[in-house]
Each structure stands twice: as structure tokens, then as C-alpha cells.
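Novice:
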Amino acid sequence: MTDLNARVGEVTERIADRSRATRRAYLDRIDAAVAKRPARKRLGCANFAHGFAACAPGEKETLRDGDGPNLAIVTAYNDMLSAHQPFARFPDIIKEAARAAGGSAQVAGGVPAMCDGVTQGEAGMELSLFSRDVIALSTAVALSHDMFDAAVYLGVCDKIVPGLLIGALSFGHLPAVFLPAGPMPSGLPNDEKSKIRQLFAEGKASRADLLKAEAEAYHAPGTCTFYGTANTNQMLMEIMGLHLPGASFVNPNTPLRDALTILGVKRALELTALGNAFTPIGHVIDARAVVNGVIGLHATGGSTNLTIHLIAMAAAAGIALRWEDFADLAEATPLLTRIYPNGKADVNHFHAAGGMGLLIRELSEAGLLHADARTVWGERLADYTVEPHLDDAGEICWRPSPETSGDPNVLRGAAEPFQATGGLRVLEGRLGRAVIKTSAVAPERHVIEAPARVFHSQEELHAAFRAGELDRDFVAVVRFQGPKAIGMPELHKLMPPLGVLQDRGHKVALVTDGRLSGASGKVPAALHVTPEAAAGGAIGKIRNGDVVRVDAPRGRLDVIVDDEVWANRGHAEADLSRSHVGMGRELFAAFRGQVGAADEGAAIFSAA
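For the sequence shown, our numbering assigns the number 1 to the initial residue and increments by one for each residue that follows.
1) List the DSSP bridge partners of residue 109.
2) Give the straight-line distance between the Cα atoms of residue 218 and residue 224, rounded to the nearest whole angstrom.
3) I need the boundaries of the alpha helix (DSSP H) containing residue 137, first residue and last residue.
4) Looking only at its chain, what residues have a beta carbon closer than 6 Å to the beta carbon of residue 448, apart from the 5 residues adjacent to it on each side?
5) With C-beta atoms as the reference, is residue 279 less than 8 Å away from residue 435?
6) Can you give the beta carbon distance from residue 540 to residue 445, rounded, assuming they're within the 8 Å contact cut?
7) DSSP puts residue 512 in a beta bridge; with which residues?
8) Compare the C-alpha of residue 227 against each of 502, 548, 54, 304 and name the closest.
9) Comparing C-alpha positions only, which one of 270, 414, 396 sits nearest to residue 335?
10) Tell me whether residue 284 sits in a helix, a strand or coil according to DSSP, three-state version.
11) Looking at the secondary structure, which residues open and close the alpha helix (DSSP H) in which residue 14 lies?
12) Hey, is the segment 186-194 in contact with the segment 344-356, meaning 3+ C-beta pairs nearer than 8 Å?
13) Using DSSP bridges, identify the partner residues of residue 551.
14) Keeping to the same chain, check which residues put their C-beta closer than 8 Å to that of residue 207; ignore five residues upstream and five downstream.
15) Does the segment 554-570 touch the segment 494-501, meaning 3 or more C-beta pairs lie closer than 8 Å?
16) For residue 288, which residues from the same chain have a beta carbon less than 7 Å from its beta carbon, with the 5 sequence-adjacent residues on both sides left out?
17) Could you spell out the range, first to last residue, of the beta strand (DSSP E) harbouring residue 150?
18) For residue 428 and residue 554, what's the separation of their Cα atoms in angstroms?
19) Do you know whose CA, among 236, 578, 597, 450, lies nearest residue 123's CA?
20) Using DSSP with H/G/I as helix, E/B as strand and the rest coil, what is residue 485?
21) Straight-line CA distance for residue 26 to residue 327?
22) Look at the Cβ atom of residue 90, then the Cβ atom of residue 164, and state whether they are nearer than 8 Å.
23) Pick out the complete alpha helix (DSSP H) segments inside the segment 55-103, 4 residues or longer, and give them in chain order.
24) Quick check on the burial criterion: 16 or more other C-beta atoms within 10 angstroms. Buried or exposed for residue 80?
25) What's the call for residue 398, buried or exposed, on a 16-neighbour Cβ count within 10 Å?
26) Residue 281 and residue 367: beta carbons closer than 8 Å?
27) What are the boundary residues of the alpha helix (DSSP H) that residue 566 is part of?
28) Residues in its own chain within less than 7 Å of residue 576 by CB, not counting five upstream and five downstream?
29) Quick check on this structure: which residue in 257, 537, 314 has the alpha carbon closest to the alpha carbon of residue 16?
30) Report the option in 177, 212, 23 whose CA atom is closest to the CA atom of residue 73.
31) Which whole-angstrom value describes the C-beta separation of residue 354 and residue 406, a residue pair presumed to lie in contact below a C-beta threshold of 8 Å?
32) Exposed or buried, which one is residue 46 when buried takes at least 16 other CB atoms within 10 Å?
33) Quick one: is residue 37 buried, meaning 16 or more other Cβ sit within 10 Å of its Cβ, or exposed?
34) Does residue 338 come out as helix, strand or coil in the three-state DSSP assignment?
35) Is residue 456 helix, strand or coil by DSSP?
36) For a minimum of 4 consecutive residues, which ranges assigned as the alpha helix (DSSP H) are wholly contained in the segment 209-295?
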């Protein structure tokens, strides 16, 4: 086995040392909850009877009298999200597979799943980040019936997988397998869709043209094919050992997809405390798994959203992950993929080029992954350098993942990366801390220094663009967008006008205490600025005309203002009342009051 990269080892040890007390308390708690007999048998008779009252004949007797494991199904199904619509079939498939394996399965509960694509730029987007913690709470409610010996989780998209994992880790004594639904087949290429968006922003394409392009891009059940937060989630669940090998990017409603779902159920039942392969999820997600996730994020140029979500997920397992860990690991990790918005390919092309198996092999052989990390499939992540296929009888067989990429324009080996360091950087300076995604941005735009133009909403920037006020070099400072202010919405609708201005030859950048989606695009953007404006952060002191410098190579985020002037300058105020009511936002006042900072996971739960 290849020796572990020294930087990876140092960061992992640092995380483990920092987390020693919280991790020990977490493990003690979950280990005390392990049941060596079917969990449901601990319930009182009336409680237990309620638990199987609605079961079909046969299933009722299995639950009441049998000693086999009972599997919880926690589902984020709805038929509005294209990525989640395929889950409609899963409960029946899971129940049948559980019965065949000598167990049983019940839908323990559903969790909400909002589509950021529908709410992007709308009032509902201000609930998006908070929905992650609602999902975690909903998962806890589902599992609180204490009828279960293991769980499978059905979720794909942006906040859903992080929320499910936080909830699953709260019940860390239970084994868990995450069952993906897969990406939709390739439609209109993502770069073509982006061109139409920019033409529409310039008034050179009609709404009918735009709708036609969007419908051709998002055209079928399955995950959107660009490498945004949803597909970054899928990569993470595999590289952190919670999917079966090669399961992340198999298309929905195919024989292989169904076979992987059935095998995932069988594996979940094998992992219970009633068998010989007991593997609770709280022991799978340790410091090694978390570091593997960060390495995967950097190596693939994944979504900036995960710099928030990974911290919150790790904290749920008693692990204290910090932005400085991301920064140090980025220096050791080469960028091995070019998937839109980092390139023209989509996730189907990545999967065809060798996919997760090849990626894991390359990173492992370069000493960049903890290949010995525990997984739901076996004793170590090194077992994930395979890919599934169906034999003539329709059974899953495994073959080694390709030795070399089928398309080096999409996926490369560690010896010939697209760039020597990871696709994400952490910025620090007078304005606080932020993250920037460099993999999608041309190298000549990694440093932008220009006068600030300050906005307190996306709509203000759009109005200035339409009025012709932004046809120059500038840094757009969009503030009072953080979690305490208005829930930290994604600001993806800023990208078309900023992209237009950049294409006209101007030096343009974005600095914001809000978020962007994983498809943040080609404009340099310092995101998640913390402390946020609503918490008194320095971003609230910027004025129009101040020179702002975004320097990704040096990891700096500064405003060039005389020290005395800066020290004596007051902090801006904003009336946020319109963002605190309507579309359910009034119900989330407690979340806005409780939420932590972006670099602490922006969660309502206590950080590790």
C-alpha cells in the first residue's frame, strides 16, 4: 500500500487531536445504544403493536414474531425534483429485497426536499440552507420509533444528503447505506445552456428561447448532469464509504440501478448488530472518512457548498473540521476532473471515462486517500476500485475499474493533473474569511483588484446592469445575504450579468456573505464571507469605490483603505424585514437567531 501523503497525515492527525473529547463522547453515546437483539423487541406491547399494525399479512408476523433485522427507509421522495422522482419505486424494491434476505423494511418517515433549481432567485431560496437542518430533525423523528436495526437513506440533492447524514449520525449506532437514484441522461450541453442564459441577460434571446434551452438541459428523471452540489454529494457518499462501489452515477430506472439498490439493502441487513459484520455509521464516519471527503472535493473541483456542509456533517459525528483543514489539503491535492462548470463534460461523461473507481485508485496510489478507511462495503476504501456490471443472469458482478481514463479531457491520473492544487481555496484578510472555487475560473482571473460596487440584494445588481451602470471593472459586493440575515440563499442569478460583463473584457469579481450553487461559473467569487454583515462583519464597512482585492493564489481577501479611515468607519445597516415574512420565512426566525457562522457549518446545532 502506498505511503500516506505527509500533509494528508498531518491534517488528519490534527483533526483527530482537536476532536478527541467530542469524538470520545459521541462514540460512548452511540455504543451505549447498540441493541444485540432486534431493537423493536425492547418496546412495550402497546408500542410494538402500533409499530406493525398497518403491515400486510406475512410482514406483520415477521415483525411481531421474527428475530430478523428490520430496516428503516428514510426517504426524500417527491415527484417535483427530477433527482428524487425515481425514489417512488424504491420502497417496494427495498421491502421485497429485505424479505428475500430474511428481514423486513418499513418507511420510517419522509423528509422535505426542496429544489434549488425551482427556488433559485426566489423567496423560497431563503429557506434552502435551513432545510438541511429541518431534514436532519425530520430524520431523527423518523428513527425515533426505535423499531429499526439499520437504515437506508434515499436522497440526492443539495441540502438533502447533508441533512440525512447529520440525522443518521445522531443515530450513529445504526448501520446505514445511502441509496442514490443517479443522474439523468445527457441533454443539451451545459455550456450551450449557459450561453443562452447570457444571451437572455443581454436581451439577445427571448424567454421562449431560454425556456427551450432549459427544458432540453433538464429533461428527464435523475440528477441534473452538471457537477453542482447534488453530484458532489454523490461523489462524497462514495468516497466516504456510504455508497456501494460505483453506485453514484448509474442512470435511474435501469436494471443495473435496481440491482445496486437491491444489493444495498442486503448489505444494510448484513451490517446490523444481529449479524457478523456489524458496522454502525458512527464508526464509518471518522476523521479518515472526513479527510477523504475533503480530498475528493478538491480533486474534482466540487461545490463550494460542501465547505459548509462537510463541517456540519463532521460535527454530527463529534469531529471538528475547520476551513484551515480545507486550505491545507487543497495544497496537497491535484485537480483530476473537468466537469461542467469546470469543463464541458457532464457527470455521465465522467462516469464513462472511469468514474469513481478510477478516481479513488488514482488518489489512493498517490497516497492522498486513507485507503484503509472503513466503509459499508468492506473493511477499507481500497475495495472501491471496482465497478459493477450485470452478468447474463442479471446478477451484479465486479470488475476492476479502468487503469487509464477513457477521456483525459474529463478525468486524468494524479501524475498528469489539470492543475497541481485543488479546485477550492480559502481566503483570509481584512474582510474576514471566505472560500473561492478556482477550478472553473481562468488562471488570469485568479487575482482581481477593482473598485467596489455595493448591493444589498440580487435585484439591485440586476437593476444596475440593466441601467448600464456596470460596464466597467468592479467588484460586486453583495452583503446581508448570510445565514443570520436572510438564511444565506444561493445567488446564482448574479452569474449571467456578471458573465456578460466579464466577456466584454472587464475585470469582474463577486464578494458576498451569501452562497452560490455548485455551478457557480467562470466569474471569480469570494463566497461565504464570515463574519457576515448581519453579525457585524467587516464586509458591512465597504463603501462604493473602495478598492477590493481578491487574490486566490495568495489566499487573500482585502480592501485597500487607509487604516485610520477604516478604523473610524461605521457599519452599514439594512432593512431585512421583507425577507423575514412570506413564503414561510416567518416560521424560521428561530433558525436565523440560532444559526452559527459559515465556517462553523452554518447550523442551528452545536459545533464540535
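Using N, Cα and C, we set each Cβ at its ideal position, and we do this for glycine too.
Specialist: With the given structure in hand:
1) 74
2) 6 Å
3) 128-143
4) 507, 509, 524, 550
5) no
6) That pair is no contact at about 26 Å.
7) 478
8) 304
9) 414
10) helix
11) 6-18
12) yes
13) 447, 556
14) 200
15) no
16) 12, 370, 373
17) 150-154
18) 9 Å
19) 578
20) helix
21) 26 Å
22) no
23) 59-65, 90-100
24) exposed
25) exposed
26) no
27) 563-568
28) 480, 485, 486
29) 314
30) 177
31) 6 Å
32) exposed
33) exposed
34) coil
35) coil
36) 229-239, 255-270, 281-284
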